[in-house]
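Undergrad:
2 protein chains.
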Amino acid sequence: MSDWPKWLPIRHDLRELSPYGAPQLDVPTRLNTNENPYSLNESLVTDISESVRAIAKDLNRYPDRDALALRAALADYLQSSSGVAISSQKTWAANGSNEVIQQILQAFGGHEHAAIGFTPSYSMHALIARTTGTNWIDGHRDSDFTLNAASAISQIKDSRPQIIFITSPNNPTGTSVSIETKRAILETASELGALVVVDEAYAEFARTRTDSALHLLGEFPNVLVTRTMSKAFAMAGTRLGYLVAEPAVIDALMIVRLPYHLSAVTQTVALAALRHAGELLETIEAIKVQRDRITAELTRMGFNPIPSDANFVLFGPFTDSKVAWKALLEHGVLIRDVGLPGFLRVTAGTATETTAFLEAIEEIRQETR
Amino acid sequence: MSDWPKWLPIRHDLRELSPYGAPQLDVPTRLNTNENPYSLNESLVTDISESVRAIAKDLNRYPDRDALALRAALADYLQSSSGVAISSQKTWAANGSNEVIQQILQAFGGHEHAAIGFTPSYSMHALIARTTGTNWIDGHRDSDFTLNAASAISQIKDSRPQIIFITSPNNPTGTSVSIETKRAILETASELGALVVVDEAYAEFARTRTDSALHLLGEFPNVLVTRTMSKAFAMAGTRLGYLVAEPAVIDALMIVRLPYHLSAVTQTVALAALRHAGELLETIEAIKVQRDRITAELTRMGFNPIPSDANFVLFGPFTDSKVAWKALLEHGVLIRDVGLPGFLRVTAGTATETTAFLEAIEEIRQETR
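Chains A and B are the protein sequences, given in the same order.
Sequential numbering from 1 applies to the first sequence in our numbering.
Sequential numbering from 1001 applies to the second sequence in our numbering.
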C-alpha cells in the first residue's frame, strides 16, 4: 500500500507492504494452506469439549504463564516419536510457530542483527524479520530447490548473520535438508556465534524421519527446532507452535514473550490433542499416500513435480501460473500461487479432494501450459 | 540477567532484563493481578463448552484470519455500552491487549520512532516498546499520580514521540485522566503527527464512564482505544484484548499481525462471553463496592489510599513495602509490590477475600509502617 493517510505515523519500512495471506475463498476443494484434511474424530471432540468445560469456570483467572503441563506433554511427544531425550525445560510453546519465530527474532534479532533464509522458503521468516526490525538476508537455494552445504556456508560466511533459518522439509518446495548439511551449517554457525533455527513444521511427513534436527540437540547448543500442531496434528485452528532448544535460549524468549501469551483454553485444547496423538498422527500415512499419488499422476501428465517430504507438492511448468491458478479455481479447486513464476503448490487432501484436483488439472493442462 | 552463555547472540539492549511477571504463588487469597474474583456461572460454562464442541471438529482448518464475527460482536458491545457509533471496521482483536499494544508498537514504533508514557503506569508499555526496538520516553505524572494537560503537553512537545500512551483508569494508581485532558493531549498530538493510545483496560470500573476516550473517536482520527476482556468480563484466562481505531490504523496493524493470530477457540469463547455480557458485567458493581470499602477501611486505619477508578487500590505509606508485602503473604494474602517505594497495590476481591485482606493488613500495620 502507499496511500496511507498523512496523519498516520506508520514505519517507513512498512509503507509498501500489504497484509500476508492466502485468499479465504469458499470453494468445494481447498488445497491451498497445507491444512490436514481430516476433521477431528468424535472422541477427541468430546475430550476437548469436556476439558474446556472443566477449566471454563476459572477463566476469570490468568492462565499458567509458563504453560508447564503443556510443555511437559510436548517434550513427551517429541521424545517418544524421535527417541531423543527431551526435557520440558528444553521446550517452549506459543500461539502458532509464527509467534515462536517472532519471539526468536525479537530476542536475537533487531536492527543491529541480521537473519538469513534460503529462498524460496517460508515467507514469514523474512516478513517477521522485517516487522521485528531485523536485517534480512535473502539467501538462495540451488536451481532444483535443494540446499547444499558448501553454498549455504559460503552465503553465511559472506553475510555473518546472528540467525540462520533452515526450513526442512521446506515450504513451498517440499525438499528436505539432510542431517549432514545441517551439521555442516551448525559447525559454521558455532564458529560465527550464530543460532540455527530449523523450521520443522512438516517434519512428521518426511520420508526419512531421522533427518530431524532433534538428533543434533546433543551436539550443538545453538540449534533451535520449531514445530507446529497445525499440520500433522490437524490443529491449525488451535494455533499451537512449539520449540525445542537449550534452556538459555528459552530464558531469552521469556524476556520478550508477552506475559500470559498462551490462553488457558489453548493450553487445554492442545493437551487434549496430545492425549489423542496416536489417532491424529494416523492421518499422516494417508496424506503421504495422496502426496505420492499427486507426484506420480502429475509426472504422468507431463508436469515436473518437485520431490516432496511435506504434505504438499510444488509443480510446474506453467507459462503463466496465475492463469492456471484461476482456471483451477473455476473448476472449484483452490490451490496456492506462492509467487514462484511457472509453479503452483497443491496440498495433499483426502482421496476425494485429491481426485478433484487431479481431474481439474488434467482438464485444464492443455489450455494453461 | 547478565550471565548469558557466550554463544547466545541475545540483543545487547535486552541482556540486563528479566522476565516480567508477578510471582505465581498458591495462597488462599490472591489479590495481586487485578483479576475479576467471580468465577463463571454454569450457564456461561455450558455455552462455552457447547460452542467449543460445535467448532472442534473443524479445528484442522485455519481460523477466520480477520475474526469478523468477533469484531462485530465487540463493536456491538462497545456501541451499546457507550452510546458511541462503532462499526466492526473500527475494531480489532488479539491475544490480550498486550498483543494489541505490541502490534501498535510494531506498526508505528521501531528504532526510528519513539513512544511516551506517563509513569507510574502499566509497565508493559515501556517493556513492549523495548522489545519492539521503539525508543521509550519515561514521562511523569504529578506527585498525586494524576496527569494534568499542561505537564503532559509540555513533555510531549519536548520529546516529539510518534506514540503517546495514556492509561485511564491508570494501573497501578487507579487514577483517571479527564476527557478534557485527553482532548488537549490529542490536539497537541494531531499537530505533531502522533497517535494517542488510550489504554482503557479498567474502563468499566470507572465512576464516570463518560470520560472514556470512545467519546473522542469522532473528533480525532489519531485516537486508539484499547480494551480487554480480562477484567470486567472475567476472562483473564481467555486472553482477549481489543482496539477501537480508524480503519487506516487497523490496515497498518494487519501488516504486522501474525497471520491467523487469533485461534478459532479463542474467537468462539470470546463470542460466548459477549453473549453473556449482561451477567458478566453484573459483577462490576459488587467489585466497586469492595474497592470503595478498601479505600474507606484503609483510610480509617490511617493509610493513604489513592482514589481509584479501577478494580484495585494503591496505598501506603510503608517504610519498606517489601517487608509489608511479605508479612501479608505470611497471613495468606498475596497482593502486588509494583516497585513503587512506600506503596502496595491490592485488587478488590469478593467480600470474603476483601475481608481477609483487611484483617491481615490491620494485623500487620503496626509492625510494617
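By construction, the Cβ of each residue, glycine as well, lies at the ideal position given by its N, Cα and C atoms.
Note that the structure is a prediction, hence the values are computed from the model and not measured.
Going by DSSP, what residue range makes up the alpha helix (DSSP H) through Tyr-1202/B?
TA: Locating residue 1202/B in the second sequence gives position 202, counting from the first residue. Per DSSP, Tyr-1202/B belongs to no alpha helix (DSSP H) and is neither H nor E.
Undergrad: In three-state DSSP terms, what is Arg-61/A?
TA: Reading the first sequence from its first residue, position 61 is the one you call residue 61/A. In this structure, Arg-61/A counts as coil in the three-state DSSP scheme.
Undergrad: Output, in chain order, the set of chain B residues within a Cβ distance shorter than 9 Å of Leu-314/A.
TA: Here the question's residue 314/A lines up with position 314 in the first sequence. Neighbours of Leu-314/A on chain B: none; closest Cβ ~20 Å, over 9 Å.
Undergrad: Would you check if the distance between the CB atom of Ala-1356/B and the CB atom of Val-1333/B is smaller than 8 Å?
TA: To locate residue 1356/B, count along the second sequence from 1; it is residue 356. To locate residue 1333/B, count along the second sequence from 1; it is residue 333. In contact: Ala-1356/B and Val-1333/B (Cβ atoms closer than 8 Å).
Undergrad: Going along the chain, which residues of its own chain have a beta-carbon closer than 7 Å to the beta-carbon of Gln-102/A, five neighbours each way excluded?
TA: Locating residue 102/A in the first sequence gives position 102, counting from the first residue. So the list reads Ile-128 and Thr-132, once near-sequence residues are dropped.
Undergrad: Any beta-carbon of chain B closer than 8 Å to the one on Lys-57/A?
TA: Residue 57/A sits at position 57 when you count from the first residue of the first sequence. For Lys-57/A, the answer is yes, since a Cβ of chain B falls inside 8 Å of its Cβ.
Undergrad: Using a beta-carbon distance below 8 Å, is Leu-1040/B in contact with chain A?
TA: Here residue 1040/B refers to the residue found at position 40 of the second sequence. So, interface residue.
Undergrad: If I measure Cβ to Cβ from Thr-188/A and keep anything under 6 Å in the same chain, skipping five residues before and after, which residues do I get?
TA: Taking the first residue of the first sequence as 1, we reach residue 188/A at position 188. Closer than 6 Å at Cβ, skipping near neighbours: Ile-153 and Ile-156.
Undergrad: For His-1261/B, return the contacting residues in chain A, with the cut-off set at a CB-CB distance below 9 Å.
TA: One-based indexing of the second sequence puts residue 1261/B at position 261. Within chain A, the residues near His-1261/B are Asn-95, Gly-96, Asn-98, Glu-99 and Arg-239.
Undergrad: Would the beta-carbon of Val-1313/B fall within 8 Å of that of Val-1346/B?
TA: Within the second sequence, the letter at position 313 stands for residue 1313/B. Within the second sequence, the letter at position 346 stands for residue 1346/B. For Val-1313/B and Val-1346/B, yes; Cβs fall inside 8 Å.
Undergrad: Could you give the DSSP three-state label for Arg-1345/B: helix, strand or coil?
TA: By 1-based counting over the second sequence, the position of residue 1345/B is 345. Of the three classes helix, strand and coil, the one that applies to Arg-1345/B here is strand, per DSSP.
Undergrad: On the DSSP letters alone, give me the boundaries of the beta strand (DSSP E) that Tyr-242/A sits inside.
TA: Translated into positions along the first sequence, residue 242/A becomes position 242. Per DSSP, Tyr-242/A belongs to the beta strand (DSSP E) from 241-244.
Undergrad: With a threshold of 8 Å on Cβ separation, who are the neighbours of Phe-318/A within its own chain once the five nearest residues in sequence on each side are excluded?
TA: Sequence index remark: in the first sequence, residue 318/A carries index 318 (1-based). Closer than 8 Å at the Cβ level, and outside the excluded window around Phe-318/A, lie Ala-324, Gly-342, Phe-343, Leu-344, Thr-368 and Arg-369.
Undergrad: Measuring CA to CA, which of Val-1100/B, Arg-1130/B, Phe-1220/B and Gln-1267/B is closest to Leu-8/A?
TA: As a working mapping, residue 8/A is identified with position 8 in the first sequence. Nearest C-alpha to Leu-8/A: Phe-1220/B.
Undergrad: Provide the residue span of the beta strand (DSSP E) that contains Thr-977/B, from first to last.
TA: Past the boundaries of the shown model lies residue 977/B; chain B is included only from 1001 to 1369, so the question cannot be answered.
Undergrad: Which residues of chain A have a Cβ atom closer than 7 Å to the Cβ of Ile-1250/B, listed in chain order?
TA: The residue labelled residue 1250/B in the question sits at position 250 within the second sequence. None at all; the shortest Cβ gap to chain A is about 10 Å.
Undergrad: Quick check on DSSP: helix, strand or coil for Leu-334/A?
TA: The residue given as residue 334/A occupies position 334 in the first sequence. In the structure shown, Leu-334/A sits in a strand (DSSP, three-state: E or B).
Undergrad: Of the residues that make up the stretch 210-227 of chain A, which ones have a beta carbon closer than 7 Å to any beta carbon in chain B?
TA: Per Cβ criterion, the list reads Pro-221 and Asn-222.
Undergrad: Which runs of the alpha helix (DSSP H) fall wholly inside the stretch 1206-1281 of chain B and span at least 4 residues, in chain order?
TA: If we require 4 residues or more, the alpha helix (DSSP H) runs fully inside the stretch 1206-1281 of chain B come out as 1247-1256, 1264-1275 and 1277-1281.
Undergrad: Between the Cα of Gly-1083/B and the Cα atoms of Arg-1291/B, Arg-1257/B, Asp-1211/B and Leu-1253/B, which residue gives the shortest distance?
TA: As a working note, residue 1083/B is residue 83 in the second sequence. Here the closest residue by C-alpha is Asp-1211/B.
Undergrad: Which residue comes first and which comes last in the alpha helix (DSSP H) that contains Thr-1119/B?
TA: Locating residue 1119/B in the second sequence gives position 119, counting from the first residue. Careful: Thr-1119/B lies outside any alpha helix (DSSP H), inside the beta strand (DSSP E) at 1114-1119.
Undergrad: Any beta carbon of chain A sitting closer than 8 Å to that of Gln-1106/B?
TA: The count along the second sequence starts at 1 and reaches residue 1106/B at position 106. Chain A contact via Cβ: present.
Undergrad: Over the uninterrupted alpha helix (DSSP H) stretch that includes Val-1100/B, give me the two end residues.
TA: The sequence position of residue 1100/B within the second sequence is 100, counting from 1. Here the alpha helix (DSSP H) through Val-1100/B covers 1096-1108.
Undergrad: Using a Cβ-Cβ cut-off of 8 Å, state whether Met-62/A counts as contacting chain B.
TA: If you number the first sequence from 1, residue 62/A lands on position 62. Checking the displayed sequence, the identity of residue 62/A turns out to be Tyr instead of Met. Interface residue, yes.
Undergrad: For chain B, check one thing: does any of its Cβ atoms lie closer than 8 Å to the Cβ of Leu-74/A?
TA: In the first sequence, counting from the first residue as 1, residue 74/A sits at position 74. No - not a single Cβ of chain B is within 8 Å of the one on Leu-74/A.
Undergrad: Pull up the distance between the alpha-carbon of Ile-287/A and that of Arg-275/A, whole angstroms please.
TA: As a working note, residue 287/A is residue 287 in the first sequence. As a working note, residue 275/A is residue 275 in the first sequence. Their Cα atoms are separated by approximately 21 Å.
Undergrad: Out of curiosity, what's the CA-to-CA distance linking Ile-1179/B and Gln-1162/B?
TA: As a working note, residue 1179/B is residue 179 in the second sequence. As a working note, residue 1162/B is residue 162 in the second sequence. Cα-Cα distance, rounded: 21 Å.
Undergrad: Counting along the chain, where does the alpha helix (DSSP H) carrying Ile-55/A start and finish?
TA: Within the first sequence, the letter at position 55 stands for residue 55/A. It spans 42-56 - the alpha helix (DSSP H) in which Ile-55/A sits, taken as one unbroken run.
Undergrad: Find the residues of chain A that neighbour Ser-1121/B, judging by a C-beta separation of less than 9 Å, and give them in chain order.
TA: Here residue 1121/B is taken as the residue at index 121 of the second sequence, counted from 1. In chain order: nothing, as chain A lies at least about 16 Å away.
Undergrad: Around the C-beta of Leu-1044/B, are 16 or more other C-beta atoms found within 10 angstroms, so that it is buried, or is it exposed?
TA: Within the second sequence, residue 1044/B is the residue found at index 44, counting from 1. By the neighbour-count rule (16 or more Cβ atoms within 10 Å), Leu-1044/B is buried.
Undergrad: Which of the three DSSP states is assigned to His-111/A in this structure?
TA: In the first sequence, residue 111/A corresponds to position 111, counting from 1. Three-state DSSP puts His-111/A in coil, outside helix and strand.
Undergrad: Does any CB atom of chain A fall closer than 8 Å to the CB of Ile-1185/B?
TA: Translated into positions along the second sequence, residue 1185/B becomes position 185. Cβ-Cβ to chain A under 8 Å: no for Ile-1185/B.
Undergrad: Does Ala-351/A pass the burial test, meaning 16 or more other C-beta atoms within 10 Å, or should it be called exposed?
TA: As a first step, residue 351/A is located in the first sequence; it is residue number 351 there, counting from the start. By the neighbour-count rule (16 or more Cβ atoms within 10 Å), Ala-351/A is not buried but exposed.
Undergrad: Between Ala-232/A and Val-1196/B, what straight-line distance do the alpha-carbon atoms span, to the nearest angstrom?
TA: For this step, residue 232/A is matched to residue 232 along the first sequence. For this step, residue 1196/B is matched to residue 196 along the second sequence. Between Ala-232/A and Val-1196/B, the C-alpha separation is close to 43 Å.
Undergrad: How about Gln-1290/B and Ala-1348/B: are their beta carbons less than 8 Å apart?
TA: Numbered from its first residue, the second sequence carries residue 1290/B at position 290. Numbered from its first residue, the second sequence carries residue 1348/B at position 348. Cβ atoms of Gln-1290/B and Ala-1348/B: closer than 8 Å.
Undergrad: How about the stretch 1053-1061 of chain B and the stretch 224-242 of chain A: do they share at least three Cβ pairs that are nearer than 8 Å?
TA: Yes: at least three Cβ pairs fall under 8 Å.
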